[in-house]
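Chemist:
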Amino acid sequence: MLLRAPLAKSILLWLMLCALFNSIATRMPPMQSPDETQHIGRAWMIAHGQWLLNETDGKMSGGRVDPQLYRWAWGMLRGWAGPEAQRTSLAERDEISKLRWSAAPSTGALSAAKPGPQTPEGSAQSPAAAELVFAPVAGTGYYLPLIYLPHAIGLRLGEALDWTIEESYKLARFVVHMLCAALLLAAWQQMGAWRPPAMALGFLALPMSLFQFAAPTIDGLTTGLAVLVISMVARAMVCGLPLSRVQIGALCASLLLLGTTRLHLVPMLAFLPLLAIRLRQASLAWWALVLLLCCGGWTIYAAMNTLDLRIERSLSALNIAMHYLSSPLALLGVLARTLSSSELLQFYLTSFIGVLGWLDTPLLPWQYAILGAGLLLLLVLPFFTQKRPASMPFFAPTPAATPQADARLWRWTCGVVAMLSIVVIFCALLATWTVHPAVVIEGVQGRYFLVPAILLACA
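Sequential numbering from -1 applies to the sequence shown in the working numbering.
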């Protein structure tokens, strides 16, 4: 059973998490999480049967969306982001918030309307006669569409209830909150006697982490899936508890979603061979191979079929990757220059703790200082306890009572997986988001390191 705690306690904890995420979300204007416009657009496409992106007339990869949704999303985005002189006024935002779905959008030709003053694409025609408009959402092209099902369900249900677009958006956001809370609750209940280190919980409580849990993107879902995987593997490795077929199925499904939406988490597939040894189930090693092929196949397909013109490059992502594979010294040089840049390292740290909005809303300096000191305290606190759990960092002395073989193997695996994940982050952004030839790797944000940081804390 995935839920082993008393039902009333489980429901209470789930409601508390939902309330926490929703209370944060109500203080966040719509479309203020990075690439949220693209995530919502992709969810609407999936809700209406557009599972894969297409490219039209040399534009970026995208799909067709309701023109009213396009107008609402960009209106909300320009209400708070970008130069102040170009932002929509309070009266305009109030008008945009009342927009409703088009009555019967055509699924035929794309709208050829030119940009006009009313919407980004000039969708000024009446809703009943409106055609679907092309929306570039290339940033979502690398993600397996299944991850957007919760968002799609919420938007589709809002349409069916004849709610406004903003009300439908809030419903989709709450559906995501409910699923994120359920994943975290399931992770806690799967731990057995193992408990995560306090620092791992501290990472989840950082402003950046809570901001992403509250936003209707895929960051909260993937973090919840990763925490669930860590809990289930620790249950078997540290506590010696077996996994049922349902649990193994949930573990493999979670790893599939993680590997096809967060490329840097593919190294987490290494947990399956580890479990195969611990549980003496050779089938888990075969599942690891199958999932690796699925993740690799999807990544290659997405790289070959996603056209992203936000970064001007003379070579495709695959060609850039092949270049650095054939020139490892060039790769090491770029990595060295990136990691030796004090400016970039400071940005990684601050954006890991919290730079909200579209990376345009930093915290106050004293807030970074307090949160950083808190993380440092959580790091050193376990060293002053008399007895430590098996999740204590591997470089600390191990008491005789600890089942050393499995616990140390678990900790070392977490450390290796975390380091591989960090390497993949830089390599992936080098191939997809950095102008070639590269001086330093661009596009890396601190929030990308959340799951690797949790794994390092477990090491």
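Where a beta carbon is used, it is the ideal one built from N, C-alpha and C, also for glycine.
Note that the structure is predicted; figures quoted are calculated from it, not measured.
Quick one: grab the DSSP three-state call for Gly61.
Modeler: Correct three-state label for Gly61: strand.
Chemist: Between the beta-carbon of Val415 and the beta-carbon of Leu453, is there less than 8 Å?
Modeler: Yes. Within cutoff.
Chemist: Under 8 Å: do the segment 17 to 26 and the segment 187 to 203 share three or more Cβ pairs, one atom per stretch?
Modeler: As far as the Cβ criterion goes, the segment 17 to 26 does not touch the segment 187 to 203, which means the pair count is below three.
Chemist: Within 10 angstroms of the Cβ of Tyr141, are there 16 or more other Cβ atoms? Answer buried if so, exposed if not.
Modeler: Tyr141 is buried by the Cβ-count criterion.
Chemist: What three-state label does DSSP hand Arg278 in the structure shown?
Modeler: Residue state, collapsed to three classes: coil.
Chemist: Just list the residues that DSSP pairs Phe132 with in beta bridges.
Modeler: Answer is Arg62, bridged to Phe132.
Chemist: What whole-angstrom Cβ distance do Thr411 and Leu261 have, given they're in contact under 8 Å?
Modeler: Not quite, the Cβ-Cβ distance comes to about 19 Å (not below 8 Å), so this is no contact.
Chemist: Can you tell me the Cα-Cα spacing of Leu270 and Trp408, whole angstroms?
Modeler: Cα to Cα, the separation comes out at about 12 Å.
Chemist: Give the single residue among Ile44, Glu90 and Trp12 whose Cα lies nearest to the Cα of Trp70.
Modeler: Answer by Cα proximity: Glu90.
Chemist: Mind checking Leu13: buried by the 16 CB within 10 Å criterion, or exposed?
Modeler: Under this definition Leu13 is an exposed residue.
Chemist: For a quick check, are the C-beta atoms of Leu255 and Leu144 less than 8 Å apart?
Modeler: The answer is yes: Cβ separation under 8 Å.
Chemist: Look at the alpha carbon of Met417 and the alpha carbon of Leu18, and state the distance between them as a whole number of angstroms.
Modeler: Those two C-alpha atoms are separated by around 31 Å.
Chemist: Any contact between the segment 341 to 349 and the segment 444 to 452? By contact I mean 3 or more CB pairs, one from each, below 8 Å.
Modeler: Yes, since at least three Cβ pairs between the segment 341 to 349 and the segment 444 to 452 fall closer than 8 Å, the two stretches touch.
Chemist: Looking only at its chain, what residues have a beta carbon closer than 7 Å to the beta carbon of Leu329, apart from the 5 residues adjacent to it on each side?
Modeler: The answer, listed in chain order, is Tyr322.
Chemist: Can you tell me whether DSSP reads Arg406 as helix, strand or coil?
Modeler: Note: Arg406 maps to helix in three-state DSSP.
Chemist: Would you mind reading off the limits of the alpha helix (DSSP H) that contains Met197?
Modeler: Residues Ala196 to Leu202.
Chemist: Classify Leu239 as helix, strand or coil using the three-state DSSP reduction.
Modeler: Reduced to three states, the DSSP call for Leu239 is coil.
Chemist: Would Ala107 be called buried (16 or more neighbouring beta carbons within 10 Å of its own) or exposed?
Modeler: With a pLDDT of 34 at Ala107, under the threshold of 50, the modelled position of this residue cannot be trusted; read the value that follows with caution. Result: exposed.
Chemist: Is the Cβ-Cβ distance between Ala234 and Arg171 less than 8 Å?
Modeler: Result no, Cβ atoms of Ala234 and Arg171 do not sit closer than 8 Å.
Chemist: Decide if the segment 175 to 182 is in contact with the segment 215 to 222; the criterion is three or more beta carbon pairs, one per stretch, under 8 Å apart.
Modeler: Yes: at least three Cβ pairs fall under 8 Å.
Chemist: Quick one: residues in its chain with C-beta nearer than 7 Å to the C-beta of Ala301, no 5 flanking neighbours on either side, listed in chain order?
Modeler: Excluding sequence neighbours, Ala301 sits near Ala315 and Leu316.
Chemist: Alpha carbon to alpha carbon, how far is Trp192 from Ala232?
Modeler: Their Cα atoms are separated by approximately 7 Å.
Chemist: For the 8 Å Cβ check, are there 3 or more pairs between the segment 50 to 59 and the segment 235 to 254?
Modeler: Touching, no.
Chemist: Which one or two residues does DSSP pair with Pro360 in a beta bridge?
Modeler: Bridge partners of Pro360: Val353.
Chemist: With the cut-off set at 8 Å, would you say Arg76 and Thr138 are in Cβ contact?
Modeler: No; because the gap between Cβ atoms is not below 8 Å, this pair is not in contact.
Chemist: Since Cys425 and Pro195 should fall inside the 8 Å C-beta cutoff, what is the C-beta to C-beta distance between them, to a whole number of angstroms?
Modeler: Actually they are not in contact, since the Cβ atoms of Cys425 and Pro195 sit about 28 Å apart, beyond 8 Å.
Chemist: Could you tell me the alpha carbon to alpha carbon distance between Leu267 and Gly294, rounded to whole angstroms?
Modeler: Spanning the two alpha carbons is a distance of roughly 12 Å.
Chemist: If I measure Cβ to Cβ from Ser95 and keep anything under 6 Å in the same chain, skipping five residues before and after, which residues do I get?
Modeler: Around Ser95: Glu164.
Chemist: Taking 8 Å as the cut-off, decide whether the C-beta atoms of Thr258 and Trp296 are in contact.
Modeler: A contact, by the Cβ cut-off of 8 Å.
Chemist: In angstroms with no decimal places, state the Cα-to-Cα distance between Gln36 and Pro28.
Modeler: About 13 Å.
Chemist: Would you grab the beta carbon distance between Thr304 and Leu51 for me? Rounded to a whole angstrom, and I think it's under 8 Å.
Modeler: At roughly 7 Å, the Cβ-Cβ gap stays under 8 Å, so Thr304 and Leu51 are in contact.
Chemist: Measure the beta-carbon distance from Ser419 to Val449 and round it to whole angstroms, keeping in mind my assumption that it falls under 8 Å.
Modeler: Rounded, the Cβ-Cβ distance is 7 Å, consistent with contact.
Chemist: Where does Thr259 sit, in a helix, a strand or coil, going by DSSP?
Modeler: Correct three-state label for Thr259: helix.
Chemist: Per the DSSP calculation, Thr86 is bridged to which residue(s)?
Modeler: Beta-bridge pairing links Thr86 to no other residue.
Chemist: Please list, in chain order, all residues of the same chain as Ala45 whose beta carbon is under 7 Å from its beta carbon, the five residues on each side excluded.
Modeler: Only Ala150, Leu153 and Arg154 meet the Cβ criterion.
Chemist: Please list, in chain order, all residues of the same chain as Tyr299 whose beta carbon is under 8 Å from its beta carbon, the five residues on each side excluded.
Modeler: Taken in chain order, the list of residues that qualify is empty.
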